[in-house]
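One line per chain: the protein sequences are G and D, in this order.
Residues in the first sequence are numbered consecutively from 79, following my numbering.
Residues in the second sequence are numbered consecutively from 37, following my numbering.
Here a beta-carbon is modelled for each residue, glycine too, at the ideal position from N, C-alpha and C.
As structure tokens, the structure follows; a few thoughts come after it.
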Amino acid sequence: ETGVTQTPRHLVMGMTNKKSLKCEQHLGHNAMYWYKQSAKKPLELMFVYNFKEQTENNSVPSRFSPECPNSSHLFLHLHTLQPEDSALYLCASSQEVVGLGLNEQFFGPGTRLTVL
Amino acid sequence: KQEVTQIPAALSVPEGENLVLNCSFTDSAIYNLQWFRQDPGKGLTSLLLIQSSQREQTSGRLNASLDKSSGRSTLYIAASQPGDSATYLCAVVQGAQKLVFGQGTRLTINP
Numbered sequence: 079e080t081g082v083t084q085t086p087r088h089l090v091m092g093m094t095n096k097k098s099l100k101c102e103q104h105l106g107h108n109a110m111y112w113y114k115q116s117a118k119k120p121l122e123l124m125f126v127y128n129f130k131e132q133t134e135n136n137s138v139p140s141r142f143s144p145e146c147p148n149s150s151h152l153f154l155h156l157h158t159l160q161p162e163d164s165a166l167y168l169c170a171s172s173q174e175v176v177g178l179g180l181n182e183q184f185f186g187p188g189t190r191l192t193v194l
Numbered sequence: 037k038q039e040v041t042q043i044p045a046a047l048s049v050p051e052g053e054n055l056v057l058n059c060s061f062t063d064s065a066i067y068n069l070q071w072f073r074q075d076p077g078k079g080l081t082s083l084l085l086i087q088s089s090q091r092e093q094t095s096g097r098l099n100a101s102l103d104k105s106s107g108r109s110t111l112y113i114a115a116s117q118p119g120d121s122a123t124y125l126c127a128v129v130q131g132a133q134k135l136v137f138g139q140g141t142r143l144t145i146n147p
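Here it is, written out as structure tokens:
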């Protein structure tokens, strides 16, 4: 595997389900991100992790719970979601120096989530 | 609050034409600007990154410019091909690794 991978690629869940999205980066980077892309809205940053520590939570509802066990893996745990949470969820990684955001972010293919 | 605008929202041109995509941002205090390509239902592919101290970057048929003082960037595509059809996204980094995206320009190259 190369680059940034995400599983599953598609997910359909009910509002009472609990599911998790997984992201893995094979680039040796030290920062990872979750983004949300809804229809007709710009991509929105959700969370930023640097060296496994969360450094940014962009006012994301608590029904989205991220986890970063190491610099290569990032999870997004989902519970009691709403239909308006249906979107493409994208993971990205970058190699950062002091969290300045100077370097290129590389994106995975995304997970298309549908909440019924 | 930083806002990024991309004009036009959609563009359709015949194959072989040179074209320019525009991006503007409201706050010039940025670390860098990145152009991405997104194919339908897919993730983002990074095309070019311009640091705030740079004026332009080139990669093959693509050239991106940055005028930080006026809050503008352009992506120039030379000799367009049908394979260039995609949505092109502009994003600025404004501190703490926060990428702020525009809505994108949906480009169609007609054979």
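How many whole angstroms separate the CB atoms of residue i and residue j, which I take to be in contact at a CB cut-off of 8 Å?
i               : j               : result
S149 of chain G : K130 of chain G : 6 Å
L156 of chain G : K96 of chain G  : 7 Å
S172 of chain G : F185 of chain G : Their Cβ separation, rounded to whole angstroms, is 10 Å, which puts S172 of chain G and F185 of chain G out of contact at 8 Å.
For residue i, which residues in the same chain have their Cβ closer than 7 Å to its Cβ, ignoring the five residues on either side in sequence?
i               : result
P86 of chain G  : T189
T80 of chain G  : H104
N108 of chain G : N128, F129, S149, Q173 and E174
S105 of chain D : S64
A165 of chain G : K114, Q115, S116 and L191
How about residue i and residue j: do their beta carbons lie closer than 8 Å?
i               : j               : result
Q70 of chain D  : A127 of chain D : yes
T110 of chain D : V40 of chain D  : no
G74 of chain D  : L80 of chain D  : Looking at the sequence itself, residue 74 of chain D is Gln, so the reference to Gly does not match. Yes, the Cβ-Cβ distance between Q74 of chain D and L80 of chain D is below 8 Å.
H151 of chain G : E102 of chain G : yes
N135 of chain G : E122 of chain G : no
Y127 of chain G : A170 of chain G : no
Q38 of chain D  : N58 of chain D  : no
G107 of chain D : L125 of chain D : no
Q160 of chain G : V193 of chain G : yes
S116 of chain D : G77 of chain D  : no
According to DSSP, is residue i part of a helix, a strand, or is it coil?
i               : result
D163 of chain G : helix
D103 of chain D : strand
P118 of chain D : helix
P86 of chain G  : coil
P50 of chain D  : strand
S171 of chain G : strand
P187 of chain G : coil
V40 of chain D  : strand
K114 of chain G : strand
V126 of chain G : strand
H107 of chain G : coil
V138 of chain G : coil
A127 of chain D : strand
Y112 of chain D : strand
K134 of chain D : coil
M93 of chain G  : coil
Q132 of chain G : strand
Taking the alpha-carbon of residue i as reference, which of the options has the nearest alpha-carbon?
i               : options                           : result
Q87 of chain D  : D:L102, D:R108 and D:Y112         : D:L102
T141 of chain D : G:K119, G:G186, G:K100 and G:Y111 : G:K119
L191 of chain G : G:E174, G:F184, G:A170 and G:D163 : G:D163
P147 of chain D : D:L85, D:K37 and D:S48            : D:S48
T94 of chain D  : D:Y112, D:K37 and D:S121          : D:Y112
Y67 of chain D  : D:S89, D:N54 and D:F61            : D:S89
C146 of chain G : G:H88, G:P139 and G:S98           : G:S98
M91 of chain G  : G:T158, G:L168, G:M124 and G:F125 : G:T158
I145 of chain D : D:R97, D:D120 and D:Q133          : D:D120
L94 of chain G  : G:Q84, G:T83 and G:R141           : A small fix is needed here, since residue 94 of chain G is Thr in this sequence, not Leu. If we check each option's Cα against that of T94 of chain G, G:R141 comes out closest.
A122 of chain D : D:Q133, D:G131 and D:F72          : D:F72
Verify the contact flag: residue i, CB atom, against every heavy atom of the ligand NAP, threshold strictly below 7 Å.
i              : result
V90 of chain G : This structure does not include the ligand NAP; it has no bound ligands of any sort.
Could you name the residues of the same chain whose beta carbon sits closer than 8 Å to that of residue i, not counting the 5 residues immediately before and after it, in chain order?
i               : result
L135 of chain D : Q70, A127, V128 and V129
E92 of chain D  : I86, N99, A100, S101 and L102
Which residues in the same chain have their Cβ closer than 6 Å to the Cβ of residue i, if we skip the five residues on either side of it in sequence?
i              : result
P50 of chain D : N146
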